[in-house]
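Trainee:
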Amino acid sequence: MQFNVLGTGLWGPGFCDWASYVDLLGNVENVPTEAPATLSPKPDIIPPRERRRSPLYVRIAVEVATQACKEARLSPADIACVFASGMGDLEITDYMCRTLATDPKLLSPTKFHNSVHNAAAGYWSISTGCQQPVSSVSGFDFTAPVALLEAGVFSSAEQRPVLLVMFDISTPATFDNFFPIDEAFAAAMVLAPSSIAPRENAINTRVLTISRTSGSAQWPALELPEQCKFLHTLYTTNPSARILTLLDQIRRGDSSPIQMPMGKDAVLSLSLSR
Amino acid sequence: MRDIRIRAHTLTCAAGVGLAELRTALWSRMSGLRKNDFPYSGLDTWIGRVAAVDEFRWTGVNREWESRNNALAAVGIEQDGFISELNSAALEFGANRVGVVIGSSTASIGQTELAYRELDSDGRLPVRFRHANVHNPHSQAAFVAYYTGLCGPTMTISTACSSSAKVFATAARWLSMDIVDAVLVGGVDSLCLSVLHGFHSLELISSSPCCPFDRRRNGINIGEAAGFALIVRAAAAPTDSIRCSGYGETSDAHHMSHPHPEGLGAEQAMRAALVRANISPEQVGYINLHGTASRVNDAVETQAVARLFTSATKISSTKAWTGHALGSAGIVEATIAMEALKENRIPGTLNLDEPDESLSFPVQQTNVDYPLQHVMSNSFGFGGNNCCLIFSNGQTH
Numbered sequence: 003m004q005f006n007v008l009g010t011g012l013w014g015p016g017f018c019d020w021a022s023y024v025d026l027l028g029n030v031e032n033v034p035t036e037a038p039a040t041l042s043p044k045p046d047i048i049p050p051r052e053r054r055r056s057p058l059y060v061r062i063a064v065e066v067a068t069q070a071c072k073e074a075r076l077s078p079a080d081i082a083c084v085f086a087s088g089m090g091d092l093e094i095t096d097y098m099c100r101t102l103a104t105d106p107k108l109l110s111p112t113k114f115h116n117s118v119h120n121a122a123a124g125y126w127s128i129s130t131g132c133q134q135p136v137s138s139v140s141g142f143d144f145t146a147p148v149a150l151l152e153a154g155v156f157s158s159a160e161q162r163p164v165l166l167v168m169f170d171i172s173t174p175a176t177f178d179n180f181f182p183i184d185e186a187f188a189a190a191m192v193l194a195p196s197s198i199a200p201r202e203n204a205i206n207t208r209v210l211t212i213s214r215t216s217g218s219a220q221w222p223a224l225e226l227p228e229q230c231k232f233l234h235t236l237y238t239t240n241p242s243a244r245i246l247t248l249l250d251q252i253r254r255g256d257s258s259p260i261q262m263p264m265g266k267d268a269v270l271s272l273s274l275s276r
Numbered sequence: 003m004r005d006i007r008i009r010a011h012t013l014t015c016a017a018g019v020g021l022a023e024l025r026t027a028l029w030s031r032m033s034g035l036r037k038n039d040f041p042y043s044g045l046d047t048w049i050g051r052v053a054a055v056d057e058f059r060w061t062g063v064n065r066e067w068e069s070r071n072n073a074l075a076a077v078g079i080e081q082d083g084f085i086s087e088l089n090s091a092a093l094e095f096g097a098n099r100v101g102v103v104i105g106s107s108t109a110s111i112g113q114t115e116l117a118y119r120e121l122d123s124d125g126r127l128p129v130r131f132r133h134a135n136v137h138n139p140h141s142q143a144a145f146v147a148y149y150t151g152l153c154g155p156t157m158t159i160s161t162a163c164s165s166s167a168k169v170f171a172t173a174a175r176w177l178s179m180d181i182v183d184a185v186l187v188g189g190v191d192s193l194c195l196s197v198l199h200g201f202h203s204l205e206l207i208s209s210s211p212c213c214p215f216d217r218r219r220n221g222i223n224i225g226e227a228a229g230f231a232l233i234v235r236a237a238a239a240p241t242d243s244i245r246c247s248g249y250g251e252t253s254d255a256h257h258m259s260h261p262h263p264e265g266l267g268a269e270q271a272m273r274a275a276l277v278r279a280n281i282s283p284e285q286v287g288y289i290n291l292h293g294t295a296s297r298v299n300d301a302v303e304t305q306a307v308a309r310l311f312t313s314a315t316k317i318s319s320t321k322a323w324t325g326h327a328l329g330s331a332g333i334v335e336a337t338i339a340m341e342a343l344k345e346n347r348i349p350g351t352l353n354l355d356e357p358d359e360s361l362s363f364p365v366q367q368t369n370v371d372y373p374l375q376h377v378m379s380n381s382f383g384f385g386g387n388n389c390c391l392i393f394s395n396g397q398t399h
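As they're listed, the protein sequences go chains Y and S. Residue numbers 3 to 276, in the numbering used here, belong to the letters of the first sequence in order. Residue numbers 3 to 399, in the numbering used here, belong to the letters of the second sequence in order.
#1: Buried or exposed for Q397 of chain S, going by 16 or more other Cβ atoms inside 10 Å?
#2: Go to L165 of chain Y, then tell me how far its beta strand (DSSP E) extends in each direction, as first and last residue.
#3: In the DSSP assignment, the beta strand (DSSP E) including M157 of chain S goes from what residue to what residue?
#4: Would you call the CB atoms of A159 of chain Y and S178 of chain S closer than 8 Å?
#5: When you compare the segment 149–159 of chain S with the segment 183–190 of chain Y, are there three or more beta-carbon pairs, one atom per stretch, that lie closer than 8 Å?
#6: So what's H399 of chain S in DSSP terms, helix, strand or just coil?
#7: Hey, quick one: how far does the beta strand (DSSP E) through C99 of chain Y stretch, first residue to last?
#8: Just verifying my parser: in three-state terms, what is the DSSP assignment at A16 of chain S?
#9: Per DSSP, N387 of chain S is paired with what?
#10: Do you know how far the Cα of A322 of chain S is from the Cα of A274 of chain S?
#11: In angstroms, rounded to a whole number, what distance separates the CA positions of V118 of chain Y and A268 of chain S?
#12: Run the CB neighbour count on R217 of chain S, radius 10 Å, all protein chains shown included, and call it buried at 16 or more, exposed below.
#13: Rounded to the nearest angstrom, what separates N400 of chain S and G200 of chain S at their Cα positions?
#14: Is there a Cβ of chain Y sitting closer than 8 Å to that of R175 of chain S, yes or no?
#15: Along the segment 364–380 of chain S, what residues have a CB closer than 9 Å to any CB found in chain Y?
#16: Is R75 of chain Y close to chain S? Criterion is C-beta to C-beta, closer than 8 Å.
#17: When the Cβ atoms of the segment 98–107 of chain Y are set against those of the segment 103–122 of chain S, are three or more pairs found closer than 8 Å?
#18: Look at the alpha carbon of H399 of chain S and the alpha carbon of A228 of chain S, and state the distance between them as a whole number of angstroms.
#19: Going along chain S in order, which residues have a C-beta closer than 8 Å to the C-beta of M3 of chain Y?
#20: Using a Cβ cut-off of 7 Å, pull out every chain Y residue sitting near R132 of chain S, in sequence order please.
#21: How is S138 of chain Y classed by DSSP in three states: helix, strand or coil?
#22: Below 7 Å on C-beta distance, what does R126 of chain S contact in chain Y?
#23: Are there three or more Cβ pairs, one per stretch, closer than 8 Å when the segment 383–397 of chain S is compared with the segment 240–256 of chain S?
#24: Judging by CA-CA distance, which residue of S:G189, S:S203 and S:V63 is the nearest neighbour of L109 of chain Y?
#25: Could you round the C-beta distance between M378 of chain S and M272 of chain S to whole angstroms and report it? I think they count as a contact, below 8 Å.
#26: For Q220 of chain Y, count the other beta carbons within 10 Å of its own beta carbon; 16 or more makes it buried, fewer makes it exposed. Which is it?
#27: Compare the C-beta of H399 of chain S against all C-beta atoms of chain Y and say whether one is closer than 8 Å.
#28: Alpha carbon to alpha carbon, how far is T173 of chain Y from P38 of chain Y? Give it in angstroms, no decimals.
#29: Taking 8 Å as the CB-CB cut-off, is T247 of chain Y touching chain S?
#30: What in chain Y is Cβ-close to I159 of chain S, meaning under 8 Å?
#31: With a CB to CB cut of under 6 Å and the five nearest residues on each side skipped, what residues in its chain are close to M3 of chain Y?
#32: Kindly give me the distance between the Cβ atoms of S192 of chain S and G112 of chain S, rounded to whole angstroms, as I take these residues to be in contact under 8 Å.
#33: For Q161 of chain Y, name the three-state secondary structure that DSSP assigns.
#34: Taking only three categories from DSSP, how would you classify G11 of chain Y?
#35: Against chain S, with Cβ distances strictly below 8 Å, would Q229 of chain Y count as a contact?
#36: What in chain Y is Cβ-close to N98 of chain S, meaning under 9 Å?
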């Protein structure tokens, strides 16, 4: 399956979009060793009343989705979406389970409806007026390749662009000794079948080819400066950040083939070209 | 769309463990609902509980997967000879050419809830609960792959109450793009405090057995279920097997927990499914409605139906048999629609004794024999996520 990548969005420790990610890693001598703080995004696209009630999990997803659609110059209302998260909104999981264990009658109805895995997808479609097919998926540690496969298959089978958004936040203390995620991360891509041409000056435009093969694979190492430990940690612990293996190739202009493990006997093979 | 077939399927819900019990319950109009007796919940309501789950023993299964939802999945997948169908498919295509796509909204959150009742002195999960496999939204699909030995691409769809309807759409696409040769689709959601108290906090829970489309309806009953289907291209299935002939997926873009006031997203989903199946509304003999028995859903859904269908189409809800099985509701009702199609018989809405005269479309009250070529099933979830499926008789094509 072959696509044009029409737009990308990015948010994480030390970067709030694609340009600041490139800047962060652009000057090798000044690459930070600790995760720089990033202001939590407040995407304008969410109406103010809803924005106040929307958790970080939703806001980082909506932020990167907005960036990707803007770069792709496609109206969010017209694009089908696949939202993906390996762990879901762990802050809400923590709130729900804590409240249910102590005083279940105090459970907040707003937090409950925000606890669905498709909360970010729901806020996105409400905020943008998107009435298109919207999915919300998970593959735990394999979320990045599984979601990429799902979005790619959707786009190819339906012959229409698709917005792919993946995002995971940090783990609360209850989980951090067996499933530690230190930093939140979100990324988005607009994929379109090759028949839909990208706009001429789109910075990240690449042709992405993906195929599903059998066998096993190891996660490739990220080719980042060694001192940039926090990004290596992010990549190995945050399920959504696994997409950096692909996105960082775009940054470096590298077009060598990538293999992402997708399970015991399933691999997603990817390659980028101009 | 490409000719996609249901080669085998099974369902376990409050109305029965396996299809034979389900048929008995449907055709003799026996509800599976009972007064709420779920531990620690203490709510005055009725629930659709699968008692067989409470007897499940984890012998021979790695306890790292232990959760009520996974126990329900294991009980469910063992019914109706379904496991041997999966084994045949694995032999025929290769285990890595069979994908696994499971819909679930709760995953194993019930296990996380239990763990939080016993946090250690540092406020962390106690050691016996520290199993990453269950404390994540993908736990069902991963467990089903582990339990069956299937190792094609494995994915969870979690779009609240439309989750296990959307698995059919994804499977159709995976097959049409030749990602796999067969897809094990399913839906598994089990009772847990999050949903019982969550829906209670939204004032959507009824203290009596739910009565969809009745003028006295005052809310939903939560249920649990595990349903599975093996989906293949037509060449790999008997000619008389049921076709999954259409799907429609839309978003309301209206509100997180209220449907669109005129049912616009629901209507668009039904239209999209009809277009894909290439049939007219008159050809749909039966619609198994979302029909939750909430005041708003039932009013809005009949409005949407009335804009598309005529009296040639019978409509009903089966929630009073099963309860609202949330993330598994899609496959529960797809299964019941397929049973109706096979038997040319429609289950009338149980507990609908005093029809709400203000509704826009007449709802079937009694079971009725009716010749069926095409049936539809509606599922609508939080976030305004809608999915409509059409199943058709295999022989006619």
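Idealized CB from N, CA, C, for every residue including glycine. In this text the structure is predicted, and so the values were computed from the model without any measurement.
Mentor: For this structure:
#1: One-based indexing of the second sequence puts residue 397 of chain S at position 395. Exposed.
#2: Along the first sequence, read from residue 1 onward, the residue named residue 165 of chain Y stands at position 163. Start and end: V164 to D170.
#3: Locating residue 157 of chain S in the second sequence gives position 155, where the first residue counts as 1. Its beta strand (DSSP E) spans residues T156 to I159.
#4: Position 157 of the first sequence, counted from the first residue, corresponds to residue 159 of chain Y. Position 176 of the second sequence, counted from the first residue, corresponds to residue 178 of chain S. Contact flag set, yes.
#5: no
#6: As a working note, residue 399 of chain S is residue 397 in the second sequence. Legend: pLDDT at H399 of chain S = 44, less than 50; position of this residue unreliable, no value from coordinates given.
#7: For the purposes of this step, residue 99 of chain Y is taken as the residue at position 97 of the first sequence. Element bounds for C99 of chain Y: not the beta strand (DSSP E) but the alpha helix (DSSP H), L92 to T104.
#8: Within the second sequence, residue 16 of chain S is the residue found at index 14, counting from 1. Looking at A16 of chain S - three-state DSSP - the assignment turns out to be coil, as it is neither helix nor strand.
#9: The residue given as residue 387 of chain S occupies position 385 in the second sequence. N387 of chain S pairs with S:S253 and S:G383.
#10: Numbered from 1 along the second sequence, position 272 holds the residue referred to as residue 274 of chain S. Numbered from 1 along the second sequence, position 320 holds the residue referred to as residue 322 of chain S. Their Cα atoms are separated by approximately 28 Å.
#11: As a first step, residue 118 of chain Y is located in the first sequence; it is residue number 116 there, counting from the start. As a first step, residue 268 of chain S is located in the second sequence; it is residue number 266 there, counting from the start. Approximately 20 Å between the Cα atoms of the pair.
#12: Within the second sequence, the letter at position 215 stands for residue 217 of chain S. With fewer than 16 Cβ atoms within 10 Å of its Cβ, R217 of chain S is classed as exposed.
#13: Since the first residue shown for chain S is 3 and the last is 399, residue 400 of chain S is missing from the structure and cannot be characterised.
#14: For the purposes of this step, residue 175 of chain S is taken as the residue at position 173 of the second sequence. Chain Y contact via Cβ: present.
#15: none
#16: Position 73 of the first sequence, counted from the first residue, corresponds to residue 75 of chain Y. Closer than 8 Å: no.
#17: yes
#18: Taking the second sequence and counting its residues from 1, one reaches residue 399 of chain S at position 397. Taking the second sequence and counting its residues from 1, one reaches residue 228 of chain S at position 226. Any answer about H399 of chain S is weak, because its pLDDT of 44 lies below 50 and its placement is not dependable; what the coordinates show is given next. Rounded to whole angstroms, H399 of chain S to A228 of chain S spans 30 Å at the Cα level.
#19: Reading the first sequence from its first residue, position 1 is the one you call residue 3 of chain Y. Correct list: M179.
#20: For this step, residue 132 of chain S is matched to residue 130 along the second sequence. Here the neighbours are F180.
#21: As a first step, residue 138 of chain Y must be located in the first sequence, where it is residue number 136. S138 of chain Y falls in the strand class under three-state DSSP.
#22: What you label residue 126 of chain S is simply residue 124 of the second sequence in a count that begins at 1. The contacting residues are A175, T176 and N179.
#23: yes
#24: Translated into the one-based positions of the first sequence, residue 109 of chain Y becomes position 107. The shortest C-alpha separation from L109 of chain Y is found at S:S203.
#25: What you label residue 378 of chain S is simply residue 376 of the second sequence in a count that begins at 1. What you label residue 272 of chain S is simply residue 270 of the second sequence in a count that begins at 1. Their Cβ separation, rounded to whole angstroms, is 7 Å, which keeps M378 of chain S and M272 of chain S in contact under 8 Å.
#26: The sequence position of residue 220 of chain Y within the first sequence is 218, counting from 1. Q220 of chain Y should be labelled exposed.
#27: What you label residue 399 of chain S is simply residue 397 of the second sequence in a count that begins at 1. Note that H399 of chain S scores 44 on pLDDT, short of 50, meaning its location in the model is unreliable and no value can be drawn from it.
#28: Along the first sequence, one-based indexing puts residue 38 of chain Y at 36. Along the first sequence, one-based indexing puts residue 173 of chain Y at 171. Each residue's Cα considered, the two are about 18 Å apart.
#29: On the first sequence, residue 247 of chain Y is found 245 positions in, with the first residue counted as 1. Not closer than 8 Å to any Cβ of chain S, the Cβ of T247 of chain Y fails to qualify, so no.
#30: Locating residue 159 of chain S in the second sequence gives position 157, where the first residue counts as 1. Within 8 Å Cβ-Cβ: S137, S138 and V139.
#31: Here residue 3 of chain Y refers to the residue found at position 1 of the first sequence. Once the five neighbours on either side are set aside, the close Cβ partners of M3 of chain Y are G154, S158 and I212.
#32: Indexing the second sequence from 1 puts residue 192 of chain S at position 190. Indexing the second sequence from 1 puts residue 112 of chain S at position 110. Going by Cβ atoms, the distance from S192 of chain S to G112 of chain S rounds to 6 Å, so yes, they are a contact pair.
#33: Walking along the first sequence from the start, residue 161 of chain Y turns up at place 159. Note: Q161 of chain Y maps to coil in three-state DSSP.
#34: Here the question's residue 11 of chain Y lines up with position 9 in the first sequence. Correct three-state label for G11 of chain Y: strand.
#35: By one-based count along the first sequence, residue 229 of chain Y stands at place 227. Chain S contact via Cβ: absent.
#36: The residue given as residue 98 of chain S occupies position 96 in the second sequence. Chain Y residues near N98 of chain S: S216, G217, G265, K266, D267 and A268.
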